[in-house]
Amino acid sequence: MKKLSILLIMVLILVPVMLLAIDPNRDYRGVTIRIAVMQSGRKGAISGPLYDAAELWNKETGGKVEIVEIPFEDMYEKIMTDLIAGTGYYDGAIIASWWLGDLVAGDYVVPIDEYYEKGTHPVWKKEWVPPALAILHEWKGKWYGPPNDSDGQILYYRYDLFTDPEIRKKFKEKYGYDIPVPPRTWDQVLDLAEFFTGWDWNNDGEPDYGFVMHLKVHGQAFFHFMSLSAPFVINPYNPKLYWFDPIDMKPLIKSPGHKKALELLLKLHSYGPPAEVSWDLGEAWDFFLRGKAAMTFTWGDLGSLAQDESRSKVKGKLGCAIIPGTYESYDIVHGKWVKFDKPNIVGNTTGASWYGVIFKHSKHPEAVYDYYALMARRDFSLWNISNGWTGVDPGLKIHFLRPLGEAKMRDFLKYGWDPGDVDEYLAAYYENFFSELLFPYLRIPGTPEYWDSLDIHLSEVVSGQKTIDEALDAIYKDWEKITKRLGRKEQLKLYRESINWTEEDDKEYLKYHKK
Amino acid sequence: MRVSKLTKFLILLPALALVLFIAIYPLINTVRYTFLNYRLGRGSVFIGFENIMSFFTDDRVLESVIATLVIMGIAIPSEIFLGLLLAVLVDKPIRGMKFFRTIFSFPFFATPAAVAFLSVTIFYEQGGPVNSLLSFLGLDPIRWLSSPDWARVSVALVDIWQWTPFCFLIFLAGLQSIPQDLYEAAWLETKSKWQVFWKITFPLITPVFAVVLILRLMEAMKIFDVPAVMTKGGPGNATEVFPMLIYRTGLKYFNLGYASAMGFILLIVEIPLLMWIIKRLRAIFD
Chain A
1 MKKLSILLIM VLILVPVMLL AIDPNRDYRG VTIRIAVMQS GRKGAISGPL YDAAELWNKE
61 TGGKVEIVEI PFEDMYEKIM TDLIAGTGYY DGAIIASWWL GDLVAGDYVV PIDEYYEKGT
121 HPVWKKEWVP PALAILHEWK GKWYGPPNDS DGQILYYRYD LFTDPEIRKK FKEKYGYDIP
181 VPPRTWDQVL DLAEFFTGWD WNNDGEPDYG FVMHLKVHGQ AFFHFMSLSA PFVINPYNPK
241 LYWFDPIDMK PLIKSPGHKK ALELLLKLHS YGPPAEVSWD LGEAWDFFLR GKAAMTFTWG
301 DLGSLAQDES RSKVKGKLGC AIIPGTYESY DIVHGKWVKF DKPNIVGNTT GASWYGVIFK
361 HSKHPEAVYD YYALMARRDF SLWNISNGWT GVDPGLKIHF LRPLGEAKMR DFLKYGWDPG
421 DVDEYLAAYY ENFFSELLFP YLRIPGTPEY WDSLDIHLSE VVSGQKTIDE ALDAIYKDWE
481 KITKRLGRKE QLKLYRESIN WTEEDDKEYL KYHKK
Chain B
516 MRVSKLTKFL ILLPALALVL FIAIYPLINT VRYTFLNYRL GRGSVFIGFE NIMSFFTDDR
576 VLESVIATLV IMGIAIPSEI FLGLLLAVLV DKPIRGMKFF RTIFSFPFFA TPAAVAFLSV
636 TIFYEQGGPV NSLLSFLGLD PIRWLSSPDW ARVSVALVDI WQWTPFCFLI FLAGLQSIPQ
696 DLYEAAWLET KSKWQVFWKI TFPLITPVFA VVLILRLMEA MKIFDVPAVM TKGGPGNATE
756 VFPMLIYRTG LKYFNLGYAS AMGFILLIVE IPLLMWIIKR LRAIFD
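Which chain is which? The protein sequence lines are A and B, in order. Once you know that position 420 of the first sequence is 420 in the numbering used here, the rest is easy, because the numbers rise by one and skip nothing. Counting the second sequence from 1 gives a position; the numbering used here is that position plus 515.
This is how it looks when you write it as structure tokens:
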């Protein structure tokens, strides 16, 4: 009896200990890794979930994570300064995808394929990642970070207004066709924006607007232009060329397609509050969430913020759709406009799509990978995208509702989502990320500088400082200067690699372009 | 006790080393970078005077210099005028004046970035306090941050709010150093306050005026935090002041060569300009 009691006590003590024991392949006790991330606070976008992951990682591995938050506008400089100086303060960072070119060119980051193949780290699958997003993690066939956030812009509109019988009647009387739900072309959006501008459709005593955008310079306004302009330039005849000529690296920004897109941006701005020229993301989103604008287009954050009734009047009223297309698109390869019977729709991954990279100088690269892999693991990833405050947006196959993915409606409902909004939101994002045509992301060295030039001159157009032609000329000149400084041959090589431009593509292109 | 030259040198050595390391070495390096094309991760290449030539043909440099001069042109005269006016009003042996002197000084001690953040709210175009007041008075709201011209005015207004107390404090010190018997003698000659100010006060505080002007010019040429927070240099680059452009060129684009050239040229322009101002003012005072 006594022996039995002792045995029972030992079992009662040992079993829990064994269950809590750390996997020897993931034993990082005594290891502390330092990770840089955009500053948003413990419960803020992108940075917040790192803290939750750190607690979980500590339980699973014994390792510790020191999270260093850096303001978004300073993050690139601080990290690059650390890497260039060789200080080695950070083991890794949650980067914006467009930095990868600079990081790879400078040989500052470590590919993760070796750790992924090992199979001893938290499991995530490359097959979950749609090609549109996978390309952001890769360079010349090597992956540099597990998936985390999936950025892309979609159109948000007021489903309740678009389906209101009275409003629909008035619209049809004015424009001769029914309000499309959802809008599929930019021409339809322009008509709708005009229709909803200048009268009080939300009964708050003030006239309202058809459209709102975040157009503040150095406030990510240039992403608006990228998403909006995609269907004017990218099409089945030209699926790859948006930024530069693939033969001589001359900017393509002055193409008729780009110009038409900029004309559209200006028209949309005329249906928005003039103050939006100085509005950051928060202000523009707030304007839509307060019910002052009928439409906007932006990232997935807006869909989740719409569920927060302390600041949103549009919960349960959301309509979401892939960015509208056009019936006419400029084919850069063949040098002509092409028309389509149905709208030319182009998906996008505009934005940062923040994910973790491992710095070469890190003394614990595998530990860093393990931490990132935990965040990419199915359970954590699903938790991340269903909680709006995390700022992590859906994009992996597992994020979409069954049968498309593995997420369940209740995963969203328990965090306060409206079921109608969930359906709209996820359907739009699925269509976006799995679209046949995709906006080509720029990831070559110097991308921040190319985009800054675009940003500044776009802002000059919307604030009336430059005409469209003057702005496009200025962007062209700036980009040429940047390319010359960074080395045209090297830039061209990296650009061609980044868009998978082949010699076959050259043959077709050179039939129509004398070089 | 006689101290040897070697001992004197050794005593000075730590301070000398510090100055060399913190000031002289970076300055020499900046000049060196001016003649290089620095490319992130790809090393540097000697390019001679190309960075300096680019400076004089770069539209963005011209636009940032104009933005800086416009903001300085609005802010500095206003600060000097208001600072002097407040100092004259407060320089009276009346009860409560010490309180006002303290209150008027407060903005100078506020953190510029915090002030700039607050200003974004104050100048908020849709329902912000200033535009709400304008609407209440029957006036049209102003596009404080979305119009290029008004954005420069907004930045200047914040600068005026913050730096007027600095001018006020220096002018007040100057006024209080003027002997009272001069005023007593002046009041015997005239009853006009303006005459007393113009004939007695103003000439005697002109050296103070020179100090304020030079200090404000030197500081204003480095303006950065207020436009960086309020407008991020926008709309377009209407408020992208020259220091902001240098910062972005060097630390955002990592075009360290060109940024070094910009900083170096600013230094070359600033020093002779200030020396000329000092010389001219000295000639006027003499």
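All residues carry an ideal CB built from backbone N, CA and C; glycine is no exception. None of the values given here were measured: they were computed from a predicted structure.
**Report entry** Sequence-distant residues of its chain with Cβ nearer than 8 Å to Phe297 of chain A (five each side left out)
**Finding:** Gln153, Ile154, Leu155, Tyr156, Met213, His224, Ser227, Leu228, Ile323
Query raised in the report: Looking at the unbroken beta strand (DSSP E) that takes in Tyr639 of chain B, where does it start and where does it end?
Result: First-last for Tyr639 of chain B: undefined, no H or E at that position.
Query raised in the report: Expressed to the nearest angstrom, what Euclidean distance is found between the alpha-carbon atoms of Leu289 of chain A and Leu318 of chain A?
Result: 10 Å
Query raised in the report: Three or more beta-carbon pairs under 8 Å between the region 732–748 of chain B and the region 414–432 of chain A, yes or no?
Result: no
Query raised in the report: Would you report the Cα separation of Phe769 of chain B and Lys169 of chain A, rounded to the nearest angstrom?
Result: 56 Å
Query raised in the report: Is there at least one Cβ from chain B nearer than 8 Å to His218 of chain A's Cβ?
Result: yes
Report task. Consult DSSP for Gly416 of chain A and reduce its assignment to one of helix, strand or coil. Result -> coil
Report task. Kindly say whether Thr447 of chain A, judged by its beta-carbon, lies nearer than 8 Å to any beta-carbon of chain B. Result -> no
Query raised in the report: Curious, which full-length alpha helix (DSSP H) runs of at least 4 residues does the region 162–221 of chain A contain?
Result: 165–175, 186–195
Report task. Have a look at Asp149 of chain A and Gly388 of chain A and give me their C-alpha separation to the nearest angstrom. Result -> 12 Å
Requested in this report: Identify which residue in A:Gly487, A:Gln491, A:Leu458, A:Arg485 has its Cα closest to the Cα of Ile475 of chain A.
Outcome: A:Leu458
Query - Contacting positions in the region 262–291 of chain A - beta carbon closer than 7 Å to chain B - result: Pro273, Pro274, Ala275, Val277, Ser278
Requested in this report: Find the residues of chain A that neighbour Pro750 of chain B, judging by a C-beta separation of less than 7 Å, and give them in chain order.
Outcome: Val217, Val277, Ser278, Ser459, Ser463
Query raised in the report: Quick one: which chain A residues come within Cβ less than 8 Å of Ala753 of chain B?
Result: Ser463, Gln465
Requested in this report: Could you tell me whether the Cβ of Glu640 of chain B comes closer than 8 Å to any Cβ of chain A?
Outcome: yes
Report task. Would you tell me roughly how many angstroms separate the C-alpha atoms of Phe359 of chain A and Val109 of chain A, rounded to the nearest one? Result -> 5 Å
Report task. Closer than 8 Å, Cβ to Cβ, to anything on chain B: give me those residues from the region 59–82 of chain A, in chain order. Result -> Glu73, Tyr76, Glu77, Met80, Thr81
Query raised in the report: What is the DSSP secondary structure of Asp341 of chain A, reduced to helix, strand or coil?
Result: strand
Query raised in the report: Nearest CA to the CA of Tyr762 of chain B: which residue from A:Glu77, A:Phe72, A:Gly316?
Result: A:Glu77
Query raised in the report: Do the region 770–785 of chain B and the region 558–575 of chain B meet, that is, are 3 or more Cβ pairs less than 8 Å apart?
Result: yes
**Report entry** Cβ neighbours of Thr467 of chain A in the same chain (closer than 8 Å, five flanking residues each side left out)
**Finding:** Val461
Requested in this report: Compare the Cα-Cα distances from Trp354 of chain A to each of A:Asp423, A:Gly92, A:Ser312, A:Val346 and report the closest residue.
Outcome: A:Gly92
Requested in this report: Using only alpha-carbon positions, find the residue among A:Val277, A:Leu494, A:Gly391, A:Lys292 that is nearest to Gly205 of chain A.
Outcome: A:Lys292
Query raised in the report: Counting Cβ pairs, one atom from each stretch, are 3 or more of them under 8 Å apart for the region 624–643 of chain B and the region 738–758 of chain B?
Result: yes
Query raised in the report: Where His269 of chain A and Tyr553 of chain B are concerned, what is the direct C-alpha to C-alpha distance, given to the nearest angstrom?
Result: 39 Å
Query raised in the report: Excluding five sequence neighbours on each side, which residues of the same chain lie with their C-beta closer than 8 Å to the C-beta of Ile167 of chain A?
Result: Leu161, Ile179, Trp201
Query raised in the report: Considering only residues of the region 533–562 of chain B, which uninterrupted beta strand (DSSP E) runs meet the minimum length of 3 residues and lie entirely inside it, listed in chain order?
Result: 551–554, 558–561
Requested in this report: Establish whether the CB of Arg311 of chain A and some CB of chain B are separated by less than 8 Å.
Outcome: no
Query raised in the report: With DSSP run on the structure shown, which of helix, strand or coil describes Lys64 of chain A?
Result: strand
Query raised in the report: When you compare only the Cα positions, how much space is there between Thr746 of chain B and Thr636 of chain B?
Result: 12 Å
Query raised in the report: Who are Ala701 of chain B's beta bridge partners in DSSP?
Result: Answer is none; Ala701 of chain B lacks a bridge partner.
Query raised in the report: DSSP on Glu114 of chain A, reduced to helix/strand/coil?
Result: helix
Query raised in the report: Could one say the Cβ of Pro663 of chain B lies closer than 8 Å to chain A's Cβ atoms, at least one of them?
Result: yes
Report task. Could I get the ranges of all uninterrupted alpha helix (DSSP H) runs contained in the region 675–721 of chain B, with 4 residues as the minimum, in chain order? Result -> 695–704, 708–711
Query raised in the report: Which of helix, strand or coil does DSSP assign to Ala753 of chain B?
Result: coil
Query - Classification of Lys216 of chain A by the beta-carbon crowding that lies within 10 angstroms, buried from 16 upward - result: buried
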